[in-house]
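First the structure, in the form of structure tokens, and then the observations on it.
In my numbering, the protein residues as written are 94 to 300.
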């Protein structure tokens, strides 16, 4: 068997996995849905403070029409989370959700670089994408916190679920969600795993 025949045989084997192609977008949807629902619910519960933060230029984002912007962000995340779960209007809802993620990236997280957690030991910390004051000072802050907690607190219990970290609040999470939504925009909600698929099969495919 020459290389061409071997490649063709292997490719045909891989093609059989297409029957399960709906699983990948399903997993993306199920991952994103609780994230969006939680974000929207948090905004709903503290809506007045969100409006104030959106509109205040001194300590907030300084966005125009803060009431409208806060309402749209809250509604988009809550409705988007529900639609992602059932796989309905997935490509449509991914658009405002992507816009929401981009607003978060450029208005909130961009000055902090990439990383969500300030980790000075990361190889990325050698570049400007992660190197900021939070990253540079993280080791000293962690060392000070460790000394205080070891002396005055139950350090073993406090760290039993994981080590302490310093948040950097970079664009990492928002961009990851954007990329996942970007993928769903092109793939749709998934074959056999979404309401979109069965609606399209009934009303679009045969027309």
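All C-beta atoms in this analysis are idealised placements derived from N, C-alpha and C, irrespective of residue type, glycine included.
Residue pairing by DSSP places residue 260 opposite 210 in a beta bridge. About 39 angstroms separates the beta carbon of residue 253 from that of residue 180, a gap too long to meet the 8 angstroms contact definition. Looking from the CA of residue 195, the closest CA among 139, 249, 273, 103 belongs to 273.
Judged by beta-carbon spacing, residue 209 lies within the 8 angstroms limit of residue 266, meaning their Cβ atoms are closer than that value. In this structure, 259 is the residue among 162, 202, 226, 259 with its C-alpha nearest to the C-alpha of residue 239. Taking C-beta atoms as the reference points, residue 162 and residue 275 fail to come closer than 8 angstroms.
Residue 234 has its alpha-carbon roughly 16 angstroms from the corresponding atom of residue 262. DSSP, reduced to helix, strand and coil, places residue 182 outside both helices and strands of the structure shown, so it counts as coil. Less than 8 angstroms divides the Cβ of residue 170 from the Cβ of residue 132. Sequence-distant partners of residue 126 (beyond 5 residues in either direction) whose C-beta falls short of 6 angstroms from its own C-beta, in its chain, are 174, 177, 178.
For residue 274, the enclosing alpha helix (DSSP H) stretches over residues 265-280. Pairing residue 281 with residue 184 gives a Cβ-Cβ distance under 8 angstroms.
No Cβ-Cβ contact shorter than 8 angstroms links residue 225 with residue 255.
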